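All remarks here apply to the structure that follows.
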Amino acid sequence: MSLRTLILTFLFTIVVMLNVSGQTKGSLWYELGGNANSVWIMNQDIYGNPELPYMTKFGMYATTGFNYFYDNKHGVNIKVGYGTFGQDYAGEMRKTYVKRKVTFKYMHIPVTHMWKVGKPNKPLWLEVGPQFSWLMDAKQEYGESLGGYGPKYRQYLPIGDTNVTKWFIPYDAQIQFRVTKYYKIKKIKFLLFKIGLDGAIGLLDINAKPYRIPNVHD
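The working numbering applies: residue 5 is where the sequence shown begins, and numbers increase by one.
Written out as structure tokens, the structure is:
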């Protein structure tokens, strides 16, 4: 099984939470959040054409779910999220300057265990667990300047927008990790504000089998 993505999704997470019984033993919280993400696909899926330099890719991600704290130091977080991910490229290919953007729309279901760490008056929460994903849509946007030779295999890089959902497997799995901090809102006791750093490492090759390059070097 090949490592296909390093999705270090640096997410600035803004979350509003509705408390059921307080952050104590047996408390349940509802969470609503929005994130900004940046993604890297490490095995460049260029289909036999020369690889291109990586560009920074940003996307948006919305989540909703529940946190359950079974004591004051441990809990579990179950959410459903939907957002845009992918990878952008730009550079010279066989003496032609090209731009390529691959955009995915995924639904994620992360399930993480939570640990409370740090100083009692300034605690942080660490979270680790699996994340399961379903590909909803995939699009490739490709353009190039005049001159040069362009792609070696043109059928994989047609100019314009192309729906490439069938080029990728419809599911994925990652190891999810998260560091968050909660802030109380003094005048509204049943609300919390949460900000954190979120990330995941993909475990599967996202390319569908007909679109995988043979691994001749093992």
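Note that beta-carbon positions come from the ideal geometry of N, C-alpha and C, so glycine has one too.
As the structure is a prediction and not an experimental result, all values here were calculated from the model.
- With contact defined as three or more Cβ pairs closer than 8 Å, the region 99-118 and the region 174-183 are in contact.
- With respect to the 8 Å criterion, A204 and F172 are not classified as neighbours on the basis of their beta carbons.
- Under a 10 Å Cβ-count criterion, W138 is classified as exposed, with fewer than 16 other Cβ atoms of the shown protein chains found around its own Cβ.
- Taking all protein chains in view, the Cβ of L196 is crowded by 16 or more other Cβ atoms within 10 Å, so the residue is classified as buried.
- When only Cα atoms are considered, G85 and D209 end up about 21 Å apart.
- A contact is defined here as three or more CB-CB pairs under 8 Å, and the region 30-47 meets this definition with respect to the region 66-78.
- Look at P57 here: in three-state DSSP terms it is coil, with no helix or strand label.
- If you ignore the 5 residues before and after I82, its C-beta comes within less than 6 Å of the C-beta of G69, F70, V115, all in its own chain and listed in chain order.
- Across the set V43, D49, W44, the C-alpha of D49 shows the shortest separation from the C-alpha of Y157.
- In the structure shown, K190 falls within a coil segment according to DSSP collapsed to helix, strand and coil.
- Within the region 75-143, the runs of beta strand (DSSP E) that reach at least 3 residues and sit entirely inside it are, in chain order, 78-97, 100-123.
- With fewer than 16 neighbouring CB atoms inside 10 Å of its own CB, Q159 falls in the exposed class.
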